[in-house]
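Enquirer: Residue numbers (the numbering used here), protein chains in the order written: chain A, -13 to 485; chain B, 715 to 879; chain C, 5 to 339.
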Amino acid sequence: MEEIANLFQGFSVALQPFNIMVMFVGIMLGVIIGVLPGLGGANGVAILLPLTFSMPPTSAIIMLSCIYWGALFGGAITSILFNIPGEPWSVATTFDGYPMAQQGKAGEALAAAFTSSFVGALFAVIMITLVAPLVASFALQFGPAEKFAVYFLAFCSFVGLSKEPPFKTIAAMMIGFALAAVGLDSITGQLRLTFGFTELLNGFDFLIAVIGLFGIGEILLTMEEGLSFRGGNAKINLRVVLQTWKRLPGYWVTSLRSCIIGCWMGITPAGATPASFMSYGIAKRVSKNGNNFGKGEIEGVIAPETAAHAAGTAALLPMLSLGVPGSPTAAVLLGGLLIWGLQPGPMLFTEQKEFVWGLIASMYLGNLVGLLVVLTCVPIFAAILRVPFSIIAPLILVLCAIGAYSVHSSTFDVMLMLVFGVVGYLLKKCNYPLAPLVLAIVLGDKAEEAFRQSLLGSQGSLGVFFSNTLVSTIMILGLIALFWSAIQKGYTRLRTAAA
Amino acid sequence: MATNSSHNAGPTHKAVEAGIAVLIALFGALVIIGSLKAGITWGAEGPRAGFVPFYIGIFIVAASAVNLWNGLRDENDGLFAEWGQLRRVMSVVVPTAIYVGSMPFIGLYVASIIFIGWFMRWLGKYSWLTVIAVAFGMPIVTYFIFERWFLVPLPKGPIEEWLGL
Amino acid sequence: MRRSVLCVGLTAIAALCASGIAASAAWEPVRPVEFIVPAGTGGGADQMARTIQGIVTKHNLMKQPMVVINKSGGAGGEGFLDLKTSPGNPHKIIITLSNLFTTPLATGIPFSWKDLTPVAMLALDEFVLWVNAEKPYNNVKDYVDAVKKAPAGSIKMGGTGSKQEDQIITVAIEKAVGTKFTYIPYKGGGEVAVQLVGNHIDSSVNNPIEAVAQWRGGKLRPLCVFDSKPMAYDEQVVNGKGWKDIPTCKSQGLDMEYLMLRGVFMSPKATKDQVEYYIDLFKKVRATPEWQDFMKSGAFNTTFLTGDDYAKWVEVEQKRHEVLMKEAGFLATGN
């Protein structure tokens, strides 16, 4: 096969000593970027982009994509240790990762998260290697209606499974939607819900909300219970990695499902965030350990991490073959390609073979390098939890403040973060689920935008969401997911009636 | 509730729950007002800016009404938290608020040094040496990582200006 | 011997003094310069800013680092307000696109370009009318005929943002043709191009750089450029055709010209020295081969203006946008 030959040639490019060095540097930087809240992957790549101008394009893109991998890996660390997701797609990792850490299983959670990420990315890279052109044409079928259907599916597969009272779930989610709506309305270009405050122009950024609700809120809860972090008894040696690895093959169904969800979301391009939520939601529903989700179930770490990484990787494909970025980071990488004089798009695969296959080969190697780096660091990360609370808490608070500030370089956002922290503490104590709120902030405006773009195109007819097979299938899947528990109940009732 | 002994007295869960439901409903009302201002009708360019948020606001108010009703009906007479617990929570919230509020004036670095120092000395009772090491070490490391390495400028105050950083 | 050493020494000191005087006379940044982009990462303005940052770093054009910061909130209003509220801070510059005019008009944000100090126009971005290559429209006439025949509102025009340059052009085409499009706003130009390839919209007014890849891939077809003369780049892009071969819209009967400003402004109350420094910096940037490659890849119009000429140009454009936006009904309704 021609692809395989190309790939091997790519490996020979990626394996040049300089490029391997570049890979290590990229991964290290990426992990740091992923760990520090506020320095997201997109941010990090954008900041480092100009520094790569003096390198050959292939080395430069290897470095930047390795930063991207590193950031993807790094995002899981703070989610698991401190309940602070640095990136939207690590939010779902906190649901079970953080409880695991509190139970002293931080090492297991981290090892599972890193390994799943690797598996997801590997799956996506193999897919890119083998079926790239085919997949690109699939992505073209996604117009606004199809995109809305995907967001709808993401919401449906996630909502409906929280154990909290349904009306509290609705209230929480709607608060999220309302916050997402603040600022500029992208369809009419008009400001809304800002009440004349220029500080609200930007709307409510996901990161600020999540640092407050999850991170600060958690510190306040810990304060209430006394001055200690639970989970300090985590094992801090490398054997924990091997022990976790022994357990992972048992979850191959979840992994495979998450890989497929991730690749699909990455290509469409809806992105890694809906992928991680959707994967978590579906895993919770179909797993036999479903009731244990949210209490520190390892499967609840595997599912979102695998999907997020598969999506993050697959998102590079539409970028290369269509010139449309599947994620903010991909958007910056895309800018990089243009600056180096490489034209992403249908011709890139034929005109810039060495570059494209060098990049794809570096995806294999970069991920492997990344996995090795982060796995060896698992004991170090787990040991952070042993630092006494009264030292680590102020440091986390300062880092949170920096993270919130660097989103828009605005001190107003830092105050907002604290408000979100207090709100998060109160809501959590009163049994309001925070996850739907965050999901709505992340996807709310995108979903609304796709919804209204569709209605513009159809001139107001809702029929557009059932106008072709693709969009109807996704919508129906969404409806099934929404009413899953009702369907399940009905099914058991039917069976008992028949028996 | 009030019949409990004094050391574990505190606001009841019911009261807090009701208060939060009301606050959320007010937030929903605010969203509705804002949407009405932006226009909730179907304009020439399709749904107008307030179209979607308006219904979201309605949902928030309606859901809060149900939550309020459920909360008041609830038989649970437990405490939301004891005063002592709330005092501990406030011992973090208040200094953090001061920290955050002072940031625009004295910059992030100086505020962080004071905040970390206060936290470790007051709540952690560490020796001054440790306190100073961490309180100064962390902002300095931050300075190099963010400002020098990743070129992300953080808020600075008069002292940084004076030092020419 | 000794005398000559002394001489050399004296000359060196004199030279040092002279250079020292020269340096103290001309202003130079003493802290990192923030280069604000009033748009998201990955967009046209962002790409240009980061290219400049790369060029400045690579060629050591500035002693202090240049930091690119995206402030895209409120259609760029966030970035403009940030500059407006830091008068006299010479370490902040901003790259603008047409939202310099459109954002205050459409959203009512309290801001005007007069709040800032103009530095230089770096280039002008062209707009091209694109259709899907599978469609039977080979020239503007085919397209206009088809649009006229279709019921009003059934032809979908995609563009970047709402009440911004793309929609202004759309409205102008509507007026010229005498029909109504359905304008669908997207977040970025690349997305618009792909939506056009996927046939989810019928035409677009993408910038060259946003759609060139799809043109080369044979998926899109350019019909005309909204400029007074064809673009200057005659290298072949695809099938023996180059940017130069795209006719102007005016010559094809669509009377509309529109160019987007890619210019630089700085904080209010900047001194003459400070403005001079940045003008000089951008002159150096423009002389680099990297910049010229970048101009070529995006088929930019490379007009460079500074000082009064620049301010005058901006003034004229401001008036023109006020008229265009008013006619299109895009002005903010006091919210």
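Where a beta carbon is used, it is the ideal one built from N, C-alpha and C, also for glycine.
Short of 6 Å in beta carbon distance, which residues of its chain neighbour Glu204 of chain A, apart from the five on each side in sequence? Order them along the chain.
Expert: Cβ within range, chain order: Asn69.
Enquirer: Check the Cβ of Val41 of chain C against every Cβ in chain B and list those closer than 8 Å, keeping chain order.
Expert: Result: empty, since nearest Cβ-Cβ is about 14 Å, beyond 8 Å.
Enquirer: Decide if Leu120 of chain A is buried, meaning its Cβ has at least 16 other Cβ atoms within 10 Å, or exposed.
Expert: Leu120 of chain A is exposed by the Cβ-count criterion.
Enquirer: Looking only at its own chain, which residues have a Cβ that is under 6 Å from the Cβ of Thr174 of chain C, when we skip the five neighbours before and after it?
Expert: Hits under 6 Å: Met161, Phe185, Tyr187.
Enquirer: Closer than 8 Å by C-beta to Met834 of chain B: which residues in its own chain qualify, once you throw out the five before and the five after it? Chain order, please.
Expert: Tyr840, Thr844, Val845, Val848, Ala849.
Enquirer: Could one say the Cβ of Val123 of chain C lies closer than 8 Å to chain B's Cβ atoms, at least one of them?
Expert: Chain B contact via Cβ: absent.
Enquirer: Is the segment 93 to 106 of chain C in contact with the segment 224 to 237 of chain C, if contact means three or more CB pairs nearer than 8 Å?
Expert: As far as the Cβ criterion goes, the segment 93 to 106 of chain C does not touch the segment 224 to 237 of chain C, which means the pair count is below three.
Enquirer: Find the residues of chain B that neighbour Glu434 of chain A, judging by a C-beta separation of less than 8 Å, and give them in chain order.
Expert: In chain order: Val766.
Enquirer: Who are the Cβ neighbours of Ala27 of chain C in its own chain at under 8 Å, not counting the five residues just before and after it?
Expert: In this predicted model, Ala27 of chain C has a pLDDT of only 45, less than 50, meaning its place in the structure is not dependable enough to derive any value.
Enquirer: Do we get a CB-CB distance below 8 Å when we pair Ala336 of chain C with the residues of chain B?
Expert: It does not: the Cβ of Ala336 of chain C has no partner Cβ on chain B nearer than 8 Å.
Enquirer: Go through its chain and collect everything with a Cβ distance to Val318 of chain A's Cβ below 6 Å, but skip five positions before and after it.
Expert: Result list for Val318 of chain A: Ala28, Val31, Ala32, in chain order.
Enquirer: Please check if any C-beta of chain A sits within less than 8 Å of the C-beta of Ala26 of chain C.
Expert: Because the pLDDT at Ala26 of chain C is just 43, under 50, the model does not fix this residue reliably, and the point stays unresolved.
Enquirer: So Gln439 of chain A is in the beta strand (DSSP E); what residue range does that whole segment cover?
Expert: Here Gln439 of chain A belongs to no beta strand (DSSP E); instead the alpha helix (DSSP H) covers 421 to 443.
Enquirer: Got a sec? Which residues, its chain only, sit under 7 Å from Asn357 of chain C by beta carbon, not counting five neighbours each side?
Expert: Because chain C here runs from 5 to 339, residue 357 of chain C falls outside it and cannot be looked at.
Enquirer: Answer yes or no: does any C-beta atom of chain A fall closer than 8 Å to that of Thr856 of chain B?
Expert: Cβ-Cβ to chain A under 8 Å: yes for Thr856 of chain B.
Enquirer: Show which residues of chain B have a CB atom less than 8 Å away from the CB atom of Ser392 of chain A.
Expert: By Cβ distance, chain B contributes Phe860, Val866, Leu868.
Enquirer: Counting contacts by CB-CB distance shorter than 8 Å, is Ser841 of chain B in contact with chain A?
Expert: With 8 Å as the cut-off, Ser841 of chain B does not count as an interface residue toward chain A.
Enquirer: Just grab the DSSP bridge partners of Gly821 of chain B for me.
Expert: The partner list for Gly821 of chain B (beta bridge, DSSP) reads B:Lys870.
Enquirer: Nearest-angstrom Cα distance between Pro71 of chain A and Pro140 of chain C?
Expert: Between Pro71 of chain A and Pro140 of chain C, the C-alpha separation is close to 50 Å.
Enquirer: Where does Ala19 of chain C land, buried or exposed, given buried means 16+ other C-beta within 10 angstroms?
Expert: Unreliable placement is indicated for Ala19 of chain C, whose pLDDT of 47 sits below 50; the coordinate value is still reported in the next sentence. Exposed, because fewer than 16 other Cβ atoms sit within 10 Å of the Cβ of Ala19 of chain C.
Enquirer: Determine the contact status of Asp277 of chain C and Trp117 of chain C, defining contact as a CB-CB distance below 8 Å.
Expert: Not closer than 8 Å, so no.
Enquirer: Would you kindly report the start and end of the unbroken beta strand (DSSP E) that includes Thr3 of chain C?
Expert: Nothing can be reported for residue 3 of chain C: it is not among the residues displayed for chain C, which extend from 5 to 339.
Enquirer: Is the CB-CB distance between Tyr823 of chain B and Pro867 of chain B below 8 Å?
Expert: Contact: no.
Enquirer: Using 8 Å as the Cβ pair cut-off and three pairs as the minimum, do the segment 449 to 464 of chain A and the segment 746 to 759 of chain B touch?
Expert: Contact between the segment 449 to 464 of chain A and the segment 746 to 759 of chain B is absent, because fewer than three Cβ pairs lie under 8 Å.
Enquirer: Taking only the alpha-carbon atoms, compute the straight-line gap between Pro365 of chain A and Leu224 of chain A and give it to the nearest angstrom.
Expert: Rounded to whole angstroms, Pro365 of chain A to Leu224 of chain A spans 6 Å at the Cα level.
Enquirer: Rounded to whole angstroms, what's the CA-CA distance from Ile25 of chain C to Gly(-4) of chain A? Just pull it up for me.
Expert: Since pLDDT at Ile25 of chain C reaches only 43, below the 50 mark, its modelled position is unreliable, and the value read off the structure follows with that caveat. Cα-Cα distance, rounded: 55 Å.
Enquirer: How big is the Cα-Cα spacing for Ala387 of chain A and Val814 of chain B?
Expert: Their backbone Cα atoms lie some 8 Å apart in a straight line.
Enquirer: Thinking C-beta only, is Thr111 of chain C closer than 8 Å to Phe269 of chain C?
Expert: No, the Cβ-Cβ distance between Phe269 of chain C and Thr111 of chain C is not below 8 Å.
Enquirer: With a 10 Å radius around its C-beta and 16 neighbouring C-beta atoms as the bar for buried, classify Lys75 of chain C as buried or exposed.
Expert: Label assigned to Lys75 of chain C: buried.
Enquirer: Please name the residue, chosen from C:Lys96, C:Asp119, C:Gly194, that lies closest to Leu126 of chain A on a Cα-to-Cα basis.
Expert: The candidate whose alpha carbon is nearest that of Leu126 of chain A is C:Gly194.
Enquirer: Taking a Cβ distance cut-off of 9 Å, strictly less, list which residues of the segment 163 to 182 of chain C are near chain A, in chain order.
Expert: Residues Gly165, Ser166, Lys167, Gln168, Gln171.
Enquirer: Tell me which same chain residues have a C-beta within less than 6 Å of the C-beta of Gly407 of chain A, skipping the five on either side of it?
Expert: Gly198, Ile202, Gly203.
Enquirer: List, in chain order, every chain A residue whose beta-carbon is nearer than 9 Å to that of Arg54 of chain C.
Expert: Here the neighbours are Ala32, Leu35, Pro36, Val318, Gly321, Gly322, Ile325.
Enquirer: Taking the continuous alpha helix (DSSP H) assigned at Leu200 of chain C, which residues delimit it?
Expert: Element bounds for Leu200 of chain C: 193 to 201.
Enquirer: Which class does Leu177 of chain A belong to by DSSP, given the choice of helix, strand or coil?
Expert: If DSSP states are grouped into helix, strand and coil, Leu177 of chain A belongs with the strands.
Enquirer: Would you identify the three-state DSSP class for Gly831 of chain B, choosing helix, strand or coil?
Expert: Residue state, collapsed to three classes: helix.
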